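Have a look at the structure below, then the notes.
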Amino acid sequence: MEALKNIWKDRIKSALMDSAEKYGADAGAIDHIPLILETPPKVELGDLAFPLFPFARVFKMNPAQIAAEVAEILNKDASLGSAEPAGPYVNIKLDLSGQIEKTVSDVNREGNDYGRTLLYKDEKIMVEFSCPNTNKPLHLGHLRNDSIGESVSRILSMNSADVRKVNLINDRGIHICKSMLAYKKFGGETTPESEGIKSDHFVGKYYVKYNEWSKEYPGAEEEARAMLRAWEAGDPEVTALWEKMNNWTISGVQETYRKTGISFDKFYFESETYKLGKAEILRGLEKGVFYSEKDGSVWADLSEINLDKKVLLRSDGTSLYLTQDIGTAIARHKDWPFERLIYVVGSEQQYHFKVLFFILKKLGFKWAEKLYHLSYGMVNLPEGKMKSREGTVVDADDLFQELKSIAFEEIESKDRISEVGDVEKTTDAVALAALNYYLLQVSPGKDMIFNPKDSISFNGNTGPYLQYMGARISSMLRKFEERKEQFAETSPDFSSLREKSERELVKLLSSFPAVVREAGEEMSPAVVTGYLYDLTKLFSRFYHDVPVLNDENKSRVLARIELVKAIRQVLKNGFSLVGVPFLDRM
RNA sequence: GCGCCCGUAGCUCAGCUGGAUAGAGCGCCGGACUUCGAAUCCGUAGGUCGCAGGUUCGAAUCCUGCCGGGCGUACCA
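Remember, the working numbering sits 469 above the position in the first sequence when you count from 1.
This is the structure we're talking about:
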């Protein structure tokens, strides 16, 4: 398909050259005008469109005249399709007779690899995402981060990158001490087990408790600070408590990851990395990259990037978030010398990353050029912003559970409980599809509104809708397998596929690799979700209008079955890129 | 104040490396089940693309200004 496009580009170009000669226009100038290839707004107009406006000037002719002239030249050889002038455009109707068979067999032969590109061949790309705090469970905002991080990682892998997913657990600092302090004061001997609460929620409860308590007791903040100092000094009792509570949170969070299909190749812990940056800063200070103030604090001058200045080491010599990130980046590159490092972090930290990248460059690390902040917007609710103070933050596990029960009700009301077999597994899969698809459908950079009810809906542009189409395809293919013997003597006839929807399906299937590439270039899962919706929508129409199994022409049945198999394969491949589980039954 | 991002149909979002009458889903209204899963499909209505200039043969798309919103601008993370 791509090859066909390029052939047509060349054909148009040479037709333009021929007419240039005929009308005495400057051929050299024409050669320098980029030829634009696009898709006509309506399929009836053709498969490819070339607007010729830019050539009007050189030809000193109306672009419509040029289009007519070019079309006439092209139509002298109609073996690849026909050209039709439409005002200032030349539209091409491709001859896809061979394309259907080729695309379908490509897809079915390459299987799970169909769509793979060489965009990031031999590149080691590290992707950092999630990065939770250990004082509370995950909420809806984390879910967007996780979905994007996991999806982008898979998209990069599909573009042949060597991807390493890493998580930096934020397990130290004053906020951690707050939940520790509240537990120490009010927790007694209770444990998640004794209370029957998921362990990260158990810890989160004490973080909330701290905030309540600190409103009444002004000394709370100072006690928390004292605890932080004790922790940093290695106090055994505080350390033991810290370990116990961190393990609770982390194991709880891990469970959420498992449920939501998120995984990592390596965990980094801030408690281990937070001191890493200091030596680098001091080295930078010696080299004259930074400067120090009289009070001993160390600063970076950011005027080169039109920013002010930034403190890197406090006057007491301790390090900051930025300092730590500098150290962590360097340590990671030593661990695993990546070509690129992608940070999936909310847009509120844009300033931070601008500064971080600049400083790493100033320190002379070549790889700093390839650091990228994949910034995503906030997740809001239909009722407005999530506010922890007002308790409107949507907990990840609760949300997932809510989606699951809606999925269950739906399956129950359709009387399909016995059909799906493992109900638990199915509702998990549907909830996950709803969640991931809804979160990834919006371009990462933008703020979005998450409406749980909309996300789990089985019709419309949703994850469950996509799954439903996949299930219908699977169902059809099962039926075919049952009556396969009837076709033993028959072979598929692809030339019998003449429906408009079949042509369109083939064009879409063949564009999947280009979609994977674009998603990889833009680092945008939304490119994939958009494509998948187009494909399922088109399949629905085809399914509705065209009989596949119930057709008297057996060789056409076989050809359609091959086409349907290819559609299922591309759906599977696409689904796995955006965290939508493929279901054979639902 | 300054910096970055956003403003497209009632709502949620595409389209933004400039190109043919601005698209989809939801919702509304109206059609289609003796046939491969109607959890579906088809159709109608609905938009001064925030406003005003500019560049261009051509602007939702690029530039400038303004209005509205978000996020930053800590010796917090």
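From the three backbone atoms N, C-alpha and C, an ideal C-beta is built for every residue, glycine too.
Being a predicted model, the structure only gives us computed values, none of them experimental.
### Query
Terminal residues of the continuous beta strand (DSSP E) containing ASN1022?
For the purposes of this step, residue 1022 is taken as residue 553 along the first sequence, with counting starting at 1. It is not in any beta strand (DSSP E) - ASN1022 carries neither H nor E in the DSSP assignment.
### Message
Here's a check: name, in chain order, each residue in its chain whose Cβ is nearer than 7 Å to the Cβ of ILE828, leaving out the five neighbours to either side.
### Response
Taking the first residue of the first sequence as 1, we reach residue 828 at position 359. ALA769 and ILE795.
### Task
Rounded to whole angstroms, what's the CA-CA distance from THR586 to ASN775? Just pull it up for me.
Taking the first sequence and counting its residues from 1, the one referred to as residue 586 is at position 117. Taking the first sequence and counting its residues from 1, the one referred to as residue 775 is at position 306. Using only the alpha carbons, I get a separation of about 38 Å.
### Message
How far does the beta strand (DSSP E) with PHE738 in it extend, from its first residue to its last?
### Response
As a first step, residue 738 must be located in the first sequence, where it is residue number 269. Residues 735 to 738.
### When ILE811, SER964 and LYS953 are compared against PHE434, the one with the closest alpha-carbon
Outside the shown range of the chain (470 to 1055) lies residue 434, about which nothing can therefore be said.
### Task
Take LEU1032 and list the residues in its own chain whose beta-carbon comes closer than 6 Å to its own, dropping the five residues that flank it on each side.
Here residue 1032 refers to the residue found at position 563 when the first sequence is read from its first residue. For LEU1032, where only same-chain residues beyond five positions count, the Cβ hits under 6 Å are VAL573.
### Query
Since HIS842 is in the beta strand (DSSP E), which residue starts that stretch and which ends it?
Counting from 1 along the first sequence, the entry for residue 842 is found at position 373. Residues 840 to 845.
### Query
For GLU570, which residues of its own chain have a beta-carbon under 7 Å away from its beta-carbon, when the five flanking residues on both sides are left out?
Your numbering for residue 570 matches position 101 in the first sequence. Same-chain partners within the cutoff: PHE963.
#### Entry: Residue(s) in a DSSP beta bridge with GLY815
Along the first sequence, read from residue 1 onward, the residue named residue 815 stands at position 346. TYR845.
### Query
Considering SER566, what are the terminal residues of the beta strand (DSSP E) in which it resides?
Here the question's residue 566 lines up with position 97 in the first sequence. It is not in any beta strand (DSSP E) - SER566 instead sits in the alpha helix (DSSP H) that spans 566 to 579.
### Residue interval of the alpha helix (DSSP H) (run including GLY618)
The residue you call residue 618 lines up with position 149 of the first sequence. Run containing GLY618: 609 to 627, per the alpha helix (DSSP H) assignment.
### Message
Let me confirm a value: SER663 is counted as buried when at least 16 other C-beta atoms fall within 10 Å, else exposed. Which label applies?
### Response
In the first sequence, residue 663 corresponds to position 194, counting from 1. Exposed: under 16 other Cβ atoms inside 10 Å.
#### Entry: Exposed unless 16 or more other CB atoms sit within 10 angstroms - verdict on TYR820
By one-based count along the first sequence, residue 820 stands at place 351. So TYR820 ends up on the exposed side.
### Message
When you compare the CB positions of LYS839 and ARG809, do they come within less than 8 Å of one another, or not?
### Response
Counting from one through the first sequence, the residue named residue 839 turns up at place 370. Counting from one through the first sequence, the residue named residue 809 turns up at place 340. At a Cβ-Cβ threshold of 8 Å, LYS839 and ARG809 count as neighbours.
### Task
State yes or no: is the C-beta of THR725 within less than 8 Å of the C-beta of ALA865?
For the purposes of this step, residue 725 is taken as residue 256 along the first sequence, with counting starting at 1. For the purposes of this step, residue 865 is taken as residue 396 along the first sequence, with counting starting at 1. Taking 8 Å as the Cβ cut-off, THR725 and ALA865 qualify as a contacting pair.
### Query
Counting pairs of beta carbons, one from the segment 685 to 698 and one from the segment 642 to 656, are three or more of them closer than 8 Å?
yes
### Query
In or out: GLN910 buried (at least 16 other Cβ within 10 Å) or exposed?
For the purposes of this step, residue 910 is taken as residue 441 along the first sequence, with counting starting at 1. Under this definition GLN910 is a buried residue.
### Query
What are the start and end residues of each continuous alpha helix (DSSP H) run of 4 or more residues lying completely inside the segment 939 to 1006, in chain order?
969 to 979 and 981 to 991
### Query
LYS605: buried (16+ other C-beta within 10 angstroms of its C-beta) or exposed?
In the first sequence, counting from the first residue as 1, residue 605 sits at position 136. LYS605 is buried by the Cβ-count criterion.
### Query
Under three-state DSSP, which class holds PRO661?
Your numbering for residue 661 matches position 192 in the first sequence. In this structure, PRO661 counts as helix in the three-state DSSP scheme.
### Query
Among TYR845, GLY846, THR861 and SER844, which one has its Cα closest to the Cα of GLU852?
As a working mapping, residue 852 is identified with position 383 in the first sequence. The option with the nearest alpha carbon to GLU852 is THR861.
### Query
Looking at C-alpha atoms only, which residue of SER980, ASP495 and SER784 is the closest neighbour of VAL767?
Here residue 767 is taken as the residue at index 298 of the first sequence, counted from 1. When only C-alpha atoms are compared, the closest one is SER784.
### Task
With DSSP collapsed to three states, give me the class of MET1055.
As a position in the first sequence, residue 1055 is number 586, starting the count at 1. Coil at MET1055, not helix or strand.
### Task
Tell me PHE519's beta-bridge partners as DSSP assigns them.
If you number the first sequence from 1, residue 519 lands on position 50. Partner(s): VAL559.
### Task
With a 10 Å radius around its C-beta and 16 neighbouring C-beta atoms as the bar for buried, classify GLU701 as buried or exposed.
Taking the first residue of the first sequence as position 1, residue 701 is located at position 232. By the neighbour-count rule (16 or more Cβ atoms within 10 Å), GLU701 is not buried but exposed.
### Task
Go to ASN930, then tell me how far its alpha helix (DSSP H) extends in each direction, as first and last residue.
As a first step, residue 930 is located in the first sequence; it is residue number 461 there, counting from the start. Taken as a continuous stretch (DSSP letters only), ASN930 belongs to no alpha helix (DSSP H), as it is neither H nor E.
### Task
State the start and end residues of the unbroken alpha helix (DSSP H) segment that holds GLU597.
Here residue 597 refers to the residue found at position 128 of the first sequence. Counting along the chain, GLU597 falls outside any alpha helix (DSSP H), though it belongs to the beta strand (DSSP E) covering 593 to 597.
### Task
Express the C-alpha separation of VAL889 and ILE638 in angstroms, rounding to a whole number.
The residue given as residue 638 occupies position 169 in the first sequence. The residue given as residue 889 occupies position 420 in the first sequence. Straight-line Cα distance between these residues: approximately 38 Å.
### Query
Would a C-beta distance cut-off of 8 Å place ASP1014 and SER970 closer than the cut-off?
Translated into positions along the first sequence, residue 1014 becomes position 545. Translated into positions along the first sequence, residue 970 becomes position 501. Yes, the Cβ-Cβ distance between ASP1014 and SER970 is below 8 Å.
### Query
Apart from the five residues on each side of it in sequence, which residues of its chain come closer than 7 Å, Cβ to Cβ, to LEU543?
Locating residue 543 in the first sequence gives position 74, counting from the first residue. Hits under 7 Å: ARG480, ALA484 and ALA552.
### Task
Check SER766 in the structure and name its three-state DSSP category.
Taking the first sequence and counting its residues from 1, one reaches residue 766 at position 297. Correct three-state label for SER766: coil.
### Cβ pair GLN793, GLU755 closer than 8 Å
Start at 1 with the first residue of the first sequence, and residue 793 comes out as number 324. Start at 1 with the first residue of the first sequence, and residue 755 comes out as number 286. Not in contact: GLN793 and GLU755 (Cβ atoms no closer than 8 Å).
### Task
Select from LEU710, GLU579 and LEU504 the residue whose C-alpha is nearest the C-alpha of THR559.
Position 90 of the first sequence, counting from 1, holds the residue named residue 559. Per the sequence shown, residue 559 should be read as Val rather than Thr. It is LEU504 whose Cα lies nearest to the Cα of VAL559.
### Message
Between which residues of its own chain and ALA555 is the CB-CB distance below 7 Å, once the five residues before and five after are set aside?
### Response
Numbered from 1 along the first sequence, position 86 holds the residue referred to as residue 555. Excluding sequence neighbours, ALA555 sits near LEU514.
### Query
For the putative contact between GLN1038 and GLY580, defined by C-beta atoms under 8 Å, what is the C-beta separation to the nearest angstrom?
Within the first sequence, the letter at position 569 stands for residue 1038. Within the first sequence, the letter at position 111 stands for residue 580. Right, their Cβ atoms sit about 6 Å apart.
#### Entry: Per DSSP, the bridge partner or partners of ALA552
Here residue 552 refers to the residue found at position 83 of the first sequence. Partner(s): ILE561.
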